[in-house]
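Inspection log for the structure reproduced underneath, given as C-alpha cells.
There are 4 protein chains.
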Amino acid sequence: MTIADDLARRVATEMHAREGTAPAWGLTLDEATEGYARVRMTLRADMLNGLGTGHGGMIFALADTAFAYACNSRNQATVAQQASIHFLSAPREGDVLIAEAREDAVIGRTGSYRVDVRTADGRPVAQFQGLSRAIGGPVLPIEE
Amino acid sequence: MTIADDLARRVATEMHAREGTAPAWGLTLDEATEGYARVRMTLRADMLNGLGTGHGGMIFALADTAFAYACNSRNQATVAQQASIHFLSAPREGDVLIAEAREDAVIGRTGSYRVDVRTADGRPVAQFQGLSRAIGGPVLPIEE
Amino acid sequence: MTIADDLARRVATEMHAREGTAPAWGLTLDEATEGYARVRMTLRADMLNGLGTGHGGMIFALADTAFAYACNSRNQATVAQQASIHFLSAPREGDVLIAEAREDAVIGRTGSYRVDVRTADGRPVAQFQGLSRAIGGPVLPIEE
Amino acid sequence: MTIADDLARRVATEMHAREGTAPAWGLTLDEATEGYARVRMTLRADMLNGLGTGHGGMIFALADTAFAYACNSRNQATVAQQASIHFLSAPREGDVLIAEAREDAVIGRTGSYRVDVRTADGRPVAQFQGLSRAIGGPVLPIEE
C-alpha cells in the first residue's frame, strides 16, 4: 500500500466513524485509496419508496457517501457543490448495493468524480457525477 | 379546492403512507396540488455527515420525495430518471428543512420539475432539478 | 426601470457585444433585468444534427448565454461551474427559440439559476439549471 | 477491427456527414468504436464568450457530439434526454479540444455515458455526463 493510499484509507475510516448516517444506513466502507472509494449498503424496508423499490434518495445517499470519501482522500477538507444522478434500475429490499467512486479530474480546488452504483451481482442501478470544492484545512489532524 | 388539486392531495397522502422512508425520516407532507408538493423534515443527529452538518444524501432525499409527489400528482405512475442538485449551504442538527417541488414542463411521458430546499427561516439550502417519466397505470385505484 | 435593472441591461448589452458567439449564432438580447435575461435565436441549417433537428449543443448554448447574462446582472464577474439540461422536444430548422433565465437562489459567491427554452409558440424545448460562481471584479468599468 | 467497432465507425461517419454542425464547427471525428467516440475541434474567435475564453455552449456542443456518436454506435437510433457538465478550466482561442465519450452502463433503452474534454496537451476542460434513450429504428440502413 502506498503512503497516499494509506492516508486515503485513514481519512475515509475517520469520516465513516464521525458520520451519524453511516450507522443509521448500515453503511460499510469496503476500500479507499487515493481518489477512490467503495462502499456498500443493504436495502432495508425503511429505505423503500411507495412502489416497494429502493428510494432514489437512499441510492443517491450511498453514492454521495462514496464521493465524499474519494474527494477527501488527500486529507484536504472538501465538500460537494453539485451532483447529478441517472436512475437506471430499481433495486429491491435485501439487495446489496455497491457504490464505487472514481476521480475524473482535479484542477485547483475543484474536482469532478463519478460513482457507479450496482447490485452485488453487477446490475447497474445508478450513475452519479459529483463536483467538489476544497475548503481548506485537513480532515485528520496533521501529524508532526 | 379543485378536483385536480384534491386528486393530487390524495395521491401524495397515499404515497406518503406506503413509503418506508416517510416514517424513517420523520417526513411531513404539508401540501400537494396539481404539479406541486411541499414536504418538511427536521434534521436529526443520524442525518449528519462527518462535519456535523446535514448529509447531502438526506437533503437530496427530501427534495426527491417532494419531486415524486409532484410528478405523480395526476395519478399517473411516474418515476425519476435523473436528478441534479446544487448544494448552497449546510444545515445543522435541529434545522427544519422545507422542500417545495414545482412543475416546469410536461411533454408526452416526460416531465421537468424543480425543487427549492430552504430552512424554515428561508435560508437557501439546495436547488434540485428532476426529470420524470410516466410508466403507465395509476397510483391510486381508479374509481368507478 | 430601476437602477438595478438598468445596470443589468447595460451589462448584458456589453457582454453580448463582446462575444464572438452572439453574431455567429444570430443571437438577440430581448431583455435583461436584475437576475433575469431573455434571449432568442433562429435555428439555421448549420445548427442541425444528423436527424435534421436542432443540435442539443446549440439548444444548450442558447440557454447558457441567457444564464450568463442573468448571473452577471449585478456587474460582478461570474462564471458557470456546472449546468444540467433536460431535452424535452426537438425543434426544427426555422424555429425561433426563446430562452428565459431566472435566479432561484444566491448565497455568497454561489448562485443557482434555471433557464426555460421554448419555441416562439410556447412548446417546451429544454429546461436548464446552472450553478454560478462570482470570481471578483466588475464586468463593466465601475463609474465614478 | 471487430465487426461491432466497424459498425460504430460507419455510424459515426454517417452522422458526422449528415450534421449541419460538423462543418460549421470544424469538427473532426478521430475514432469511434462500440460505445466509444473521440472528436476534436479547434477553438475559433467566433466560439469565444465576452471574457475571450471558450464559450461554455461550444464546449458542451463538442462533448454532446461525442456522446451522440457513442450512444448510437450499435446502429440503434438514440437521442439525448439529459446532460450535465462540469466546467473545470477556460480554454483559449486556438486551443485544440478533444472530447472522449465512454459508455458507463446500458440497461434496456436507457444508457449512461461520460465525456472527458481536454486540451491537446491534456489539461482538463470539462466533464460531461449524458443520459440516452433508444427511440427505435437504425441510423444506417440495415444491409441484406
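Protein chains in written order, with this note's numbering: chain X, 1 to 144; chain C, 145 to 288; chain W, 289 to 432; chain E, 433 to 576.
We treat Cβ as the ideally placed atom computed from N, Cα and C, and that holds for glycine.
In this text the structure is predicted, and so the values were computed from the model without any measurement.
| Item | Value |
| --- | --- |
| Output the distance between the C-alpha atoms of PHE348/W and ALA134/X, rounded to the nearest integer angstrom. | 28 angstroms |
| Anyone know if the C-beta pair for ALA8/X and LEU62/X falls short of 8 angstroms? | no |
| Starting from PRO455/E, follow the alpha helix (DSSP H) in both directions and report where the run begins and ends. | 453-457 |
| Kindly list, in the order they appear in chain C, the residues whose Cβ is closer than 8 angstroms to that of GLN513/E. | GLN225, GLN226, THR254, LEU275 |
| Hey, is the stretch 476-486 of chain E in contact with the stretch 495-504 of chain E, meaning 3+ C-beta pairs nearer than 8 angstroms? | no |
| In angstroms with no decimal places, state the Cα-to-Cα distance between ALA249/C and GLY486/E. | 30 angstroms |
| Measuring straight from C-alpha to C-alpha, what distance separates SER372/W and ALA512/E? | 12 angstroms |
| Going by DSSP, what residue range makes up the beta strand (DSSP E) through LEU295/W? | Not the beta strand (DSSP E): LEU295/W falls in the alpha helix (DSSP H), residues 291-306. |
| Report, in whole angstroms, the separation of the C-beta atoms of ARG102/X and TYR36/X, which I expect to be a contact under 8 angstroms. | 6 angstroms |
| Using beta carbons (cut-off 8 angstroms, strictly below), is ASP265/C in contact with chain X? | no |
| Taking buried to mean at least 16 other C-beta atoms within 10 Å of its own C-beta, is ALA120/X buried or exposed? | exposed |
| Applying a beta-carbon distance threshold of less than 7 angstroms, which residues of chain E neighbour ARG306/W? | GLY482 |
| What ranges does the beta strand (DSSP E) occupy inside the stretch 490-519 of chain E, keeping only unbroken runs of at least 3 residues that lie completely in it? | 510-519 |
| Over what stretch of residues does the beta strand (DSSP E) that includes ARG188/C continue unbroken? | No beta strand (DSSP E) holds ARG188/C; DSSP gives it neither H nor E. |
| Which same chain residues end up closer than 6 angstroms to SER31/X when comparing Cβ atoms and leaving out the 5 residues on each side of it in sequence? | Rather than Ser, the amino acid found at residue 31/X in this sequence is Glu. So the list reads ARG38, once near-sequence residues are dropped. |
| Classify GLY342/W as helix, strand or coil using the three-state DSSP reduction. | strand |
| With DSSP collapsed to three states, give me the class of ASP239/C. | coil |
| Please classify ALA278/C: does DSSP put it in a helix, a strand, or coil? | strand |
| If you count every other CB in all the chains shown that lies within 10 Å of the CB of MET289/W, and 16 or more means buried, which is it? | exposed |
| By the criterion of Cβ-Cβ separation under 8 angstroms, what are the contact partners of ILE98/X in chain C? | None at all; the shortest Cβ gap to chain C is about 16 angstroms. |
| Using Cβ-Cβ distances below 8 angstroms, what residues of the stretch 497-508 of chain E are close to chain W? | THR497, ALA500 |
| From the beta carbon of ILE347/W, is the nearest beta carbon of chain C less than 8 angstroms away? | no |
| In its own chain, which residues sit with a C-beta less than 7 angstroms from the C-beta of PRO235/C, not counting the 5 before and 5 after it? | LEU187, THR197, GLY198, LEU241, THR263, VAL269 |
| I need the straight-line Cα distance from VAL11/X to SER89/X, nearest angstrom please. | 32 angstroms |
| In terms of residues, what are the limits of the beta strand (DSSP E) holding LEU173/C? | 172-177 |
| Since GLU446/E and VAL571/E are thought to touch, with beta carbons under 8 angstroms apart, how far apart are those beta carbons, to the nearest angstrom? | 6 angstroms |
| Which residues in chain E sit within 7 angstroms of PRO124/X, going by Cβ to Cβ distance? | ALA537, ILE539 |
| When the cut-off is 8 angstroms and only beta carbons count, does MET289/W lie next to chain E? | no |
| Measure the C-alpha to C-alpha separation of ASP150/C and PHE272/C and round it to an integer number of angstroms. | 25 angstroms |
| Does the distance from the C-beta atom of ARG450/E to that of GLY338/W stay below 8 angstroms? | yes |
| Here's a check: name, in chain order, each residue in its chain whose Cβ is nearer than 6 angstroms to the Cβ of HIS16/X, leaving out the five neighbours to either side. | ALA22, LEU29 |
| Going by DSSP, what residue range makes up the beta strand (DSSP E) through GLY540/E? | No beta strand (DSSP E) contains GLY540/E, which DSSP labels as neither H nor E. |
| Would GLY164/C and MET185/C be called neighbours here (beta carbons separated by less than 8 angstroms)? | no |
| Residues of chain E with a CB under 7 angstroms from the CB of ASP334/W: which are they? | GLY452, THR453, ALA456 |
| Would ALA221/C and GLY266/C be called neighbours here (beta carbons separated by less than 8 angstroms)? | no |
| Name, please, each residue of chain E whose Cβ falls closer than 9 angstroms to the Cβ of PHE375/W. | VAL511, ALA512, GLN513, GLN514, ALA515 |
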